[in-house]
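Numbering of the sequence shown is given in numbering that gives the first Met the number 0, commencing with residue 0 and proceeding in unit increments.
Even glycine gets a Cβ: it sits at the ideal position worked out from N, Cα and C.
Read through the structure below, which is laid out as structure tokens, and then see the notes.
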Amino acid sequence: MDNDLVLVLPTDVTSIEHAVDYVVQRCQSCERQADRLRLNFRVGLTEALANAMLYGNGHDPSKRVTVEVTLAAGEIRARVTDQGLGFDPSSVPDPTEPENLVKTTGRGLFLMRQLLDEVSFNDQGNQVTLILRLDTGSPRLSGGAQA
């Protein structure tokens, strides 16, 4: 990938898979992190786009979602901006709490926070920034003790 990539997507959930595939395929220099890119980044970006289209833009086909992806300084950063009014991310209930287990809200945000190294929102709440750090050193074992 060049260091920057910008996509402007229609509010159409059928465009999400193609857009995410395109971004992941453009990250040629991320081969060492292929598993984290294919799972963590893919799922996080998919969830961010779905939330922007479904909740942010309210399924409104006249609105767009902008995705800005930057690969630099050992990380891949994706900023997803919708044209909605925004929301307060702290108001989303934790889906792992017993009283929320059957609720359908909050799961996408929870997944993003679990799979990515950083997830932050702008003050308005209509833009999320996802960061996945790329290990540029020697490969590490996942879980357990380090060798």
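C-alpha gap between residue i and residue j, whole angstroms
i: M52; j: E98; result: 27 Å
i: R151; j: T45; result: With the chain running from 0 to 146 in the structure shown, residue 151 is simply not present.
i: D85; j: G55; result: In the sequence under discussion, the amino acid at residue 85 is Gly, which differs from the Asp named in the question. Each residue's alpha carbon lies about 6 Å from the other.
Sheet register partners of residue i (DSSP bridge)
i: R63; result: P9
i: V127; result: V79, F120
i: R132; result: E74
Three-state secondary structure assigned by DSSP to residue i
i: E96; result: coil
i: L115; result: coil
i: V91; result: coil
i: A71; result: strand
i: L4; result: strand
i: T104; result: coil
Per-residue burial, residue i [other beta carbons within 10 Å of its own, 16 or more giving buried]
i: D81; result: buried
i: Q24; result: exposed
i: Q123; result: exposed
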